[in-house]
Structures are given as C-alpha cells and as structure tokens.
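Scroll down for the structure; my scribbles are underneath it.
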Amino acid sequence: MRVVPTILAGLAVISGVFAKSIIVSFPPETAQSVVDTAKADFKAAGGEITHEYRLINGFSGKIPDTMTESVTTWSEKYNANVEEDQVVTAYDNGSS
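Here the sequence shown stands for residues 24 to 119, where the numbers follow our numbering.
Below, the structure written as structure tokens:
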C-alpha cells in the first residue's frame, strides 16, 4: 500500500505552504532571560525554532501564516526585530 507515504508527502507540502520562516533578533544588550522568554512565547504561539544564533542575539524559526501578526506584535514587548527569512545576495549579475 502506498497510501500512507502519499498522505505524508501531501501533509509535508501543505505544512510548507502554511509556514513562514522568520528571523528574530535582539539588541546586543538584551538580557538572556528576555531572549529565553521570547523563545518560550514563540513556541507557545505554535512556532518551531530552527536555529539559535550566537553571532547575533536571536533565533530563526517557522510559524504558521496565521501567527505572523501575533509574533510581530509581541516583538514590541521584547524590543526585538522580526523579519521574514529570505535569500540575500551581495552581487547582482543581471540574470534573473
């Protein structure tokens, strides 16, 4: 039976459609306890932390599209910068 693998593949595609990758960063002077509380709130809101940064004070993760506004709102509470994760290039060779 190939029904289960097909269902699992479909669910993986659907979950990717409804998830948004974001980066949450904090000013360097932010206390670790504030970052830890923000991470706990992020998880409680349905988010999944995919990476914790050491060079910058922050983390990245995935959230359901429906939670984007909520995370942006609570970011003000923690003085955090929330932005959608995207590809950034340093050189544009003109071929798009």
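Glycine included, C-beta positions come from ideal geometry on N, C-alpha and C.
With a Cβ-Cβ cutoff of 8 Å, do residue i and residue j count as a contact?
i          : j           : result
residue 43 : residue 115 : no
residue 84 : residue 99  : no
residue 49 : residue 102 : yes
Note down the Cα distance separating residue i from residue j, rounded to an integer number of angstroms.
i          : j           : result
residue 47 : residue 82  : 5 Å
residue 86 : residue 112 : 24 Å
residue 53 : residue 104 : 12 Å
residue 55 : residue 107 : 23 Å
residue 74 : residue 80  : 12 Å
Give me, in chain order, the residues of the same chain whose beta-carbon lies closer than 7 Å to that of residue i; leave out the 5 immediate sequence neighbours on both sides.
i          : result
residue 62 : 72, 82
residue 51 : 80
residue 76 : 82
residue 58 : 49, 80
From the DSSP secondary-structure annotation, give me the bridge partner or partners of residue i.
i           : result
residue 49  : 80
residue 105 : 47
residue 113 : None, per the DSSP bridge assignment.
residue 85  : 44, 71
Assuming residue i and residue j are in contact, meaning their beta carbons sit under 8 Å apart, how far apart are those beta carbons, in whole angstroms?
i          : j          : result
residue 45 : residue 94 : 7 Å
Among the residues of its own chain, which have a CB less than 8 Å from the CB of residue i, if the five just before and after it don't count?
i          : result
residue 68 : 86, 90, 93, 94, 97
residue 60 : 101
Sorted by chain position, which residues of the same chain lie with C-beta nearer than 6 Å to residue i's C-beta, five sequence neighbours on each side aside?
i          : result
residue 78 : none
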